[in-house]
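Protein chains in written order, with the working numbering: chain B, 1 to 114; chain H, 1 to 114.
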Amino acid sequence: AQSVAQPEDQVNVAEGNPLTVKCTYSVSGNPYLFWYVQYPNRGLQFLLKYITGDNLVKGSYGFEAEFNKSQTSFHLKKPSALVSDSALYFCAVRDDTGFQKLVFGTGTRLLVSP
Amino acid sequence: DAGITQSPRYKITETGRQVTLMCHQTWSHSYMFWYRQDLGHGLRLIYYSAAADITDKGEVPDGYVVSRSKTENFPLTLESATRSQTSVYFCASSDEGGFRDEQFFGPGTRLTVL
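Put into structure tokens, the structure is as follows:
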């Protein structure tokens with residue numbers, strides 16, 4: 001069965017510094033990988049997805065993610081953090097075999113300090 | 001309003017009562033989903049629907065019932081609410097790609113079962 005791990009409950013970064021939110025996955029087939037962001041009292045918003053192709057995926061709000069097949073990772077990155085990036089970030093994976101639902105990680109809270 | 005809406009936004013009920021959470025989308029998306037969000041679990045899929053009159057179980061369907069008589073509506077019913085169903089419930093929709101495509105989330109319903 002597919003699974004996703006977000007090893008950090010919270011990531012703290014100063015505004016202007018680069019940020020990384022980690023995600024590792026386990027699937028039996030080819031992975032479809034997603035990042036979503038949740039702001040307080042809101043639903044999740046799509047940031048980016050990887051299906052095939054370039055290992056560096058660019059998404060909304062200046063975020064990008066790096067797919068690494070050998071390390072089964074899909075880390076979310078941004079070169080320069082903003083205070084407004086503070087939110088809860090979810091990684092999700094879809095297996096292309098069997099029951100094709102999305103499996104979400106438990107989320108990582110990003111706190112960007114001024 | 002365009003988009004995906006959920007009602008009510010907040011609901012308090014008692015154990016044993018029936019509760020229906022409403023979800024409405026204006027995009028005519030084929031797929032609709034119900035998730036619950038609990039601390040430490042991320043989002044878990046309850047039910048999903050690939051089209052009107054087609055529904056299927058997700059990861060945690062017990063105690064829930066869904067229907068989809070119209071493409072735009074996907075109500076979730078708790079037949080006899082239990083305290084373990086206290087959660088935040090999110091409805092989402094996506095186009096024909098289903099789990100391969102980005103999902104658009106509603107604002108959520110916070111349900112408390114006393």
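Heads up, the beta-carbon is just placed ideally off N, CA and C, and yes, glycines get one too.
Could you name the residues of chain H that Leu-44(B) contacts, counting a contact when the two beta carbons are closer than 8 Å?
Leu-43, Phe-90, Ala-92, Gln-103 and Phe-105
Does Gly-53(B) pass the burial test, meaning 16 or more other C-beta atoms within 10 Å, or should it be called exposed?
exposed
Are the CB atoms of Gly-63(H) and Leu-39(H) within a distance shorter than 8 Å?
no
Label Pro-31(B) either buried or exposed according to how many other C-beta atoms from any shown protein chain fall within 10 Å of its C-beta, with 16 as the threshold for buried.
buried
With burial defined as no fewer than 16 other Cβ atoms inside 10 Å of the residue's Cβ, what is the status of Val-103(B): buried or exposed?
buried
Under 8 Å between C-beta atoms, does Arg-109(B) make it to chain H?
no
Which chain B residues are close to Gly-3(H), counting only those with a beta carbon under 8 Å from its beta carbon?
Here the premise fails: no neighbours, minimum Cβ distance about 10 Å.
Go through its chain and collect everything with a Cβ distance to Leu-45(H)'s Cβ below 6 Å, but skip five positions before and after it.
Tyr-35, Gly-58 and Glu-59
Comparing the C-beta of Tyr-89(B) with each C-beta of chain H, is any distance below 8 Å?
no
Name the residue from Asn-68(B), Gln-10(B), Phe-90(B) and Ser-3(B) whose alpha carbon lies nearest to the alpha carbon of Gln-38(B).
Phe-90(B)
Distance CB(Lys-12(H))-CB(Leu-114(H)) smaller than 8 Å:
The amino acid at residue 12(H) is misidentified as Lys; the sequence shows Ile. Yes; because the gap between Cβ atoms is below 8 Å, this pair is in contact.
Would you kindly work out how many angstroms separate the C-alpha atoms of Arg-110(H) and Thr-82(H), rounded to a whole number?
14 Å
Residue-chain proximity (Gly-16(H), chain B), Cβ-Cβ < 8 Å
no
Beta-carbon gap between Gly-43(B) and Pro-8(H) smaller than 8 Å
no
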